[in-house]
Amino acid sequence: MFHKVLIANRGEIAVRIIKACRELEIETVALFTASDQTSLHVRLAHECVRLDSHTDFMNSELIAEIAQFKGADAVHPGIGFLSENTDFVRVCEDAGLTCIGPPLDILEATQNKLAMLDAARQAGIPTVTSSTQLFGEGDFDALKATARELGYPIILKSSRGGRGTAQRLVLGEEQLAEAVRQVYAEALRVYGDNRLYIERAIPKARQIGVQILGDADGNIIHLGEREGSLTWSNRKIIDETPATGLPSKQCEQLWETALQLSRMVGYQNVGTVEFLVDADGQFYFTEFKARLQTDHPITELVSGIDIVQHQLRLASGELLSLQQSEIHLNGHAIMARINAEDPNRHFLPSPGQFHQVRPPIGPFVRLDTYIHSNCNVPGDYSRLVAKLSTWAPDRPGCIKRLKQALEEFVLSGRPQTNVPLIQNVLETQAFLEGAYDTGFSIHALQAGQFPETYVRDLAIAAAIYYVRRNQMFDPSIPERLMSGWHRDSRRLPE
């Protein structure tokens, strides 16, 4: 097992990794910038190193140098930044460091997304229809021709991105140029690689991911599926497991297909095989995510397995201590992604300081976050500030518990959040019945609709402000202070 791990990430995922390392008695080194120095991961790590700029999180050589200087024997890339970056893995190997994740050759295989799609087709696995090449900034004419050939609507996807990040749905050719520009810019900023490819869009689909664990001896197991079909502004907001509306037989098909694809590449460590399921129930393989996923907490809740600890153990050379027959998935779990964004300003980023943070408490309520009272939310990074997850024996009970937890979650300060939007989603009939897909957020919600609790709190705040403003120019002495004794006590001596 490792002695010391440098975490090449920040925010809630850095906190999650630190907690897993603590239980394994591994020392940790955290990275931060000036705007992030109040974050919880800085407080929890054994050691901290300040970076000059947020762009340093993408500097492979610098991070490897810091890890060596601090005496770390491994680096955890977390989510985003340098995760799934083959160049970073090479730099770590050259420096004598273990990059926690799959070995380089396996990562290269999974990162070649077009080759993975082709290999899946040859194995008889249904796949999405896609371009056969990657496109760079100078390839717009070829990209445009390919888009016409595939037929609109299409999806532009970063060669390294997941669903939502550096991805755009394009309904017609008039939208293509602007969408390409946005994907190039976002992919370069987030991943340092702006190449993209094209998929033919599948309308009203369900996004399903199957959690995989594999070791160096070829033992591979799954931990069931997760659904992340609910999105807002191209970002997931709610994930749940098990997937709703899918027959158990179809879920088993997805599990077996995910295991088949994992065996094809000899997968090791933690990963997720992603699929789309159309309105007719046909599933399509889309990509292999060779890293820890943002929504892993809900799988941990239903399986009772610490995925991050297993990731660390597998990277250190240990073999899986579990067999598929020992995996029991119990109950239902739902996760809400809480972002710092302003519902009253078209969900623009909302950085600033939280003056008070009071997390919800109770059985089967889990909060993954980096924020606390008087913590600053930087504007340089992801909007995600917290992941609130609940578990219950059944889906209705899980929804009820999540509603209550959101109601109890106090976030007071300058940043606004998307909590009202999430509460609104949880009240819709489509969500309550599990009858939603990737088009749900766009067609069923309006940004200006807020739950009763939000309107109530806003009305109370407005009333208090009105009273105080009027009293400021018409001061009055409370009646209890008008007695003769009180008046005498305030009289100046003669």
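In short: position in the sequence shown from 1, add 537, done, that's the working numbering. Think of the CB as a built atom: it goes at the ideal place given N, C-alpha and C, for glycine as much as any other residue.
CB contact below 8 Å: residue 836 versus chain B: Of the protein chains in this structure there is only one, and it is not chain B.
Go ahead and label residue 592 buried or exposed: buried means 16 or more other beta carbons lie within 10 angstroms of its beta carbon, across all protein chains shown. Translated into the one-based positions of the sequence shown, residue 592 becomes position 55. Counting Cβ neighbours within 10 Å, residue 592 comes out exposed, since fewer than 16 surround it.
Just mark residue 826 as buried or exposed, buried being the case when its beta carbon has 16 or more other beta carbons within 10 Å. Against the sequence shown, residue 826 aligns to sequence position 289. Flag for residue 826 reads buried.
Is residue 613 helix, strand or coil when you go by DSSP? Locating residue 613 in the sequence shown gives position 76, counting from the first residue. Of the three classes helix, strand and coil, the one that applies to residue 613 here is strand, per DSSP.
Please go through the segment 774-848 and give each complete alpha helix (DSSP H) segment of 4 or more residues, from N-terminal end onward. 785-801 and 833-840
What does DSSP give as the partner residues of residue 869 in its beta bridges? Walking along the sequence shown from the start, residue 869 turns up at place 332. DSSP, once it has assigned bridges, lists 929 as partnering residue 869.
Determine the direct distance from the alpha carbon of residue 582 to that of residue 555, and round the result to whole angstroms. Mapped onto the sequence shown, residue 555 falls at position 18. Mapped onto the sequence shown, residue 582 falls at position 45. Their backbone Cα atoms lie some 7 Å apart in a straight line.
Neighbour-count burial assignment, residue 881, 16 or more Cβ in a 10 Å radius: As a first step, residue 881 is located in the sequence shown; it is residue number 344 there, counting from the start. Counting Cβ neighbours within 10 Å, residue 881 comes out exposed, since fewer than 16 surround it.
Under the three-state reduction of DSSP, which class applies to residue 714: helix, strand or coil? Here residue 714 corresponds to residue number 177 of the sequence shown, with the count starting at 1. Helix.
Alpha helix (DSSP H) containing residue 581: first to last residue? Your numbering for residue 581 matches position 44 in the sequence shown. Element bounds for residue 581: 577-581.
Does the Cβ-Cβ distance between residue 857 and residue 839 come in under 8 Å? For this step, residue 857 is matched to residue 320 along the sequence shown. For this step, residue 839 is matched to residue 302 along the sequence shown. Cβ distance not < 8 Å, so residue 857 and residue 839 don't count as in contact.
Starting from residue 905, follow its DSSP beta bridges and name the residues at the other end. Residue 905 sits at position 368 when you count from the first residue of the sequence shown. Per DSSP, 924.
Cross-strand partners of residue 647 (DSSP beta bridge): One-based indexing of the sequence shown puts residue 647 at position 110. DSSP output for residue 647 lists no bridge partner at all.
Start and end residues, beta strand (DSSP E) containing residue 751: Translated into positions along the sequence shown, residue 751 becomes position 214. Run containing residue 751: 743-751, per the beta strand (DSSP E) assignment.
Would you check if the segment 900-910 and the segment 570-582 touch, i.e. whether three or more CB-CB distances between them fall below 8 Å? yes
Of the residues 918, 570, 904 and 818, which one's Cα is nearest the Cα of residue 834? Locating residue 834 in the sequence shown gives position 297, where the first residue counts as 1. Ranking the options by Cα distance to residue 834, first place goes to 904.
In whole angstroms, give me the CA-to-CA distance for residue 972 and residue 776. Here residue 972 refers to the residue found at position 435 of the sequence shown. Here residue 776 refers to the residue found at position 239 of the sequence shown. Each residue's Cα considered, the two are about 14 Å apart.
Buried or exposed: which applies to residue 653, given that a residue is buried once 16 or more other Cβ atoms fall within 10 Å of its Cβ? For the purposes of this step, residue 653 is identified with residue 116 of the sequence shown, where counting begins at 1. So residue 653 ends up on the buried side.
Using the Cβ count rule (16 or more neighbours within 10 Å means buried), how would you classify residue 1020? Mapped onto the sequence shown, residue 1020 falls at position 483. By the neighbour-count rule (16 or more Cβ atoms within 10 Å), residue 1020 is not buried but exposed.
Residue 728 by DSSP, collapsed to three states: which one? As a working mapping, residue 728 is identified with position 191 in the sequence shown. Looking at residue 728 - three-state DSSP - the assignment turns out to be helix.
Less than 8 Å between the C-beta atoms of residue 914 and residue 884, yes or no? Numbered from its first residue, the sequence shown carries residue 914 at position 377. Numbered from its first residue, the sequence shown carries residue 884 at position 347. No, the pair does not count as a contact, with Cβ atoms beyond the cut-off.
Rounded C-alpha distance that separates residue 960 from residue 902: Against the sequence shown, residue 960 aligns to sequence position 423. Against the sequence shown, residue 902 aligns to sequence position 365. Going from the Cα of residue 960 to the Cα of residue 902 covers about 16 Å.
Residue 759 burial status per 10 Å Cβ neighbour count (16 or more: buried): Position 222 of the sequence shown holds residue 759. The residue is buried, with at least 16 neighbouring Cβ atoms inside 10 Å.
C-alpha gap between residue 707 and residue 630, whole angstroms: Mapped onto the sequence shown, residue 707 falls at position 170. Mapped onto the sequence shown, residue 630 falls at position 93. Computed Cα separation, rounded: 40 Å.
Give me the DSSP bridge partner(s) of residue 552. As a first step, residue 552 is located in the sequence shown; it is residue number 15 there, counting from the start. Answer is none; residue 552 lacks a bridge partner.
CB of residue 714 to nearest heavy atom of the ligand FMN: below 7 Å? Ligands in the displayed structure: none, and consequently the ligand FMN is not present.
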